[in-house]
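So the structure is just underneath, and the comments pick up after that.
There are 2 protein chains.
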Amino acid sequence: MSSITSVTRAPRLSDEVARQLTAAIRAGEYAPGARLPSEKELAERFEVSRVVVREAMSRLKSDELVDTRQGLGAFVSAEPGRGLFRLEPDPAIVKDLHDIFQLRVAVEGAAAGLAAVRANRSELAAMRACLREMKISVAGRQDDIEADNRFHATIARASRNPYFDRFLTFLGANLHGAIAKARFNTAARHPTSVLAVQAEHEAVFAAIERRDASAAEAAMRSHLSAAMERLGLGPFAGARS
Amino acid sequence: MSSITSVTRAPRLSDEVARQLTAAIRAGEYAPGARLPSEKELAERFEVSRVVVREAMSRLKSDELVDTRQGLGAFVSAEPGRGLFRLEPDPAIVKDLHDIFQLRVAVEGAAAGLAAVRANRSELAAMRACLREMKISVAGRQDDIEADNRFHATIARASRNPYFDRFLTFLGANLHGAIAKARFNTAARHPTSVLAVQAEHEAVFAAIERRDASAAEAAMRSHLSAAMERLGLGPFAGARS
DNA sequence: GCTCTCCCACTTGTATGATAACCGGTCAAC
DNA sequence: GTTGACCGGTTATCATACAAGTGGGAGAGC
């Protein structure tokens with residue numbers, strides 16, 4: 000085993016200043032509406048130049064944490080961090096992964112319910128096409144992740160609620176890396192699960208096709224809950240009793 | 000009617016540069032992984048100083064749209080805007096309001112289901128206290144928005160999933176202003192709804208207290224769906240059939 | 001004493017020029 | 001062929017200056 004490791008690069012000063020200011024505001028050190036110290040004073044306090052402070056402030060402004068007015072100063076927003084929902088990059092902790100996935104189960108379940116009511120003919124056809132593709136892969140004992148993702152994305156789109164769509168895309172992008180890793184780790188232990196997955200997908204689609212919102216939601220939740228277990232994340236605790 | 004209106008303040012240059020760069024990246028003008036023009040070149044192109052460009056870049060970095068490396072340049076992220084979910088401030092359009100509220104119904108319903116399984120004694124007590132407070136207000140034909148919000152927040156917390164909690168707080172903050180406005184507009188038309196609201200809240204709590212996840216979820220959805228209708232947003236289309 | 005105006009100190013916004021740190025490539029030296 | 005010094009280009013940081021906006025206080029005018 001070699002002790003060689005990638006070196007830790009010195010973090011940018013503006014990153015660090017932004018981090019500390021964000022933390023201070025979130026901790027309530029500066030109440031909403033309160034005025035922050037001037038850029039000059041912050042620069043002295045952090046022992047950096049004003050440019051660095053300004054770049055940090057620029058990020059806080061973009062996060063709607065503060066609002067600045069020329070000649071007056073910088074003020075903490077009335078509702079800090081209101082227009083923004085952030086997820087830590089690459090949630091490595093299993094607990095976090097479980098919780099985020101749980102959120103996805105809830106939202107995508109509801110999306111499937113809506114899709115059952117609202118999906119049009121072309122969207123149903125798209126889902127059917129994905130199922131066909133996956134079935135071919137299943138015959139070869141393989142999974143087709145690409146068609147899988149497309150199937151789920153089509154359902155999200157068919158909910159006809161762009162916020163469901165966007166939020167699921169967002170969650171998907173954040174879970175993607177972690178899922179791939181978990182899939183790799185547990186692949187050997189569940190060699191036959193591709194058949195189960197295919198059956199679950201078909202159950203979801205069948206419910207959507209017959210316009211049964213309640214069944215579609217239940218089927219999607221059941222599918223995703225099973226997926227959670229396959230990934231070693233434990234079950235969706237609050238599922239239908 | 001006076002023609003006096005608030006003056007339009009000249010936007011900050013860094014805001015404008017950040018806006019244009021963001022748009023360009025989102026439009027795919029710079030593909031993921033591609034290198035952006037150097038700060039010097041961007042400064043010349045936008046006819047601003049390098050400071051302005053750097054402040055704009057600082058925001059793009061914070062949004063995880065680009066990644067910079069000293070000596071190399073700025074590169075578009077592999078998955079632009081991955082760690083970030085944004086909502087437009089003050090969604091005025093009823094359609095958007097409906098869609099966002101629908102998302103909330105789905106998530107908060109699931110949260111109630113989880114709370115039924117996981118809520119501890121102190122959380123149940125907190126919910127009970129909120130109900131009592133609201134009941135007092137109901138007797139005086141008034142609603143107690145503060146206790147109402149606290150009731151919902153307690154359920155979110157009792158889901159024991161911080162992501163549900165945070166996301167609902169986030170949605171709540173974004174809906175708050177619009178809800179207040181809608182409430183004001185429709186208050187006169189629904190003078191007796193406070194009684195209905197109280198009954199709905201009690202149904203939610205009763206289900207949570209007897210640990211019935213399915214009933215808690217249904218009750219919460221029914222409550223929020225009714226709330227949507229009271230606000231003139233139309234029903235939650237994909238509700239349990 | 002009251003009011004109005006002007007001025008000043010302070011703050012943020014922008015520009016400029018300089019230096020340090022860093023990167024990839026070139027090319028001579030060995 | 002490998003090494004290592006060097007170079008041009010890029011980001012990171014700094015110092016300084018000036019423009020523009022704000023609020024308050026000094027002081028004139030009444």
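As they're listed, the protein sequences go chains A and B.
Oh and the first sequence: position 42 is 41 in numbering that gives the first Met the number 0, straight run, nothing missing.
Oh and the second sequence: position 223 is 222 in numbering that gives the first Met the number 0, straight run, nothing missing.
Backbone N, C-alpha and C define an ideal beta-carbon position, used for all residues, glycine too.
Please state whether the Cβ-Cβ distance between Arg127 (chain A) and Leu170 (chain A) is less than 7 angstroms. no
Determine, using beta carbons only, whether Asn119 (chain B) comes closer than 7 angstroms to chain A. no
DSSP-derived helix/strand/coil call for Arg34 (chain A): Strand, per DSSP.
For Ser61 (chain B), decide whether its Cβ has a neighbour in chain A, counting only Cβ atoms nearer than 7 angstroms. yes
Helix, strand or coil for Ser240 (chain B) per DSSP? Legend: pLDDT at Ser240 (chain B) = 41, less than 50; position of this residue unreliable, value from coordinates given subsequently. Residue state, collapsed to three classes: coil.
Residues bridged to Val75 (chain B) by DSSP? B:Val65
Residue-chain proximity (Arg18 (chain B), chain A), Cβ-Cβ < 7 angstroms: no
Cα-Cα separation, Met56 (chain B) to Cys129 (chain A): Each residue's Cα considered, the two are about 40 angstroms apart.
Per DSSP, which one or two residues make a beta bridge with Leu83 (chain A)? B:Arg85
Anticipated Cβ contact below 8 angstroms, Thr207 (chain A) with Ala111 (chain A), distance rounded: With the sequence shown as reference, residue 207 (chain A) is identified as Ile, and Thr is not the correct amino acid for it. At roughly 7 angstroms, the Cβ-Cβ gap stays under 8 angstroms, so Ile207 (chain A) and Ala111 (chain A) are in contact.
For the region 66–78 of chain A, which residues have a beta carbon sitting closer than 9 angstroms to at least one beta carbon of chain B? Thr67, Arg68, Gln69, Glu78
Helix, strand or coil: which one does DSSP assign to Ala9 (chain A)? coil
In terms of residues, what are the limits of the alpha helix (DSSP H) holding Asp147 (chain A)? Per DSSP, Asp147 (chain A) belongs to the alpha helix (DSSP H) from 144–157.
Along chain A, which residues have their Cβ under 8 angstroms away from the Cβ of Asn184 (chain B)? Chain A residues near Asn184 (chain B): none, gap ~22 angstroms exceeds 8 angstroms.
At the level of alpha carbons, what is the spacing between Gln19 (chain A) and Ser76 (chain A)? 17 angstroms
What are the residues of the region 83–110 of chain A that lie near chain B, defined by any Cβ-Cβ distance shorter than 7 angstroms? Leu83, Phe84, Arg85, Leu86, Pro88, Asp98, Ile99, Gln101, Leu102, Ala105, Val106, Ala109
Can you name, in chain order, every residue of its own chain whose Cβ lies under 6 angstroms from the Cβ of Ala146 (chain A), other than the five neighbours on each side? Cys129, Glu132, Met133
Chain B residues whose Cβ lies nearer than 7 angstroms to that of Ser57 (chain A): Ser13, Glu54, Ser57, Arg58
Can you tell me which of B:Ala42, B:Arg85, B:Ala115, B:Gln101 puts its alpha carbon nearest to the alpha carbon of Asp211 (chain B)? B:Ala115
Rounded to the nearest angstrom, how far is the Cβ of Phe163 (chain B) from that of Ala155 (chain B), given a contact under 8 angstroms? 6 angstroms
Test item: CB-CB of Arg49 (chain B) and Ala42 (chain B) under 7 angstroms: yes
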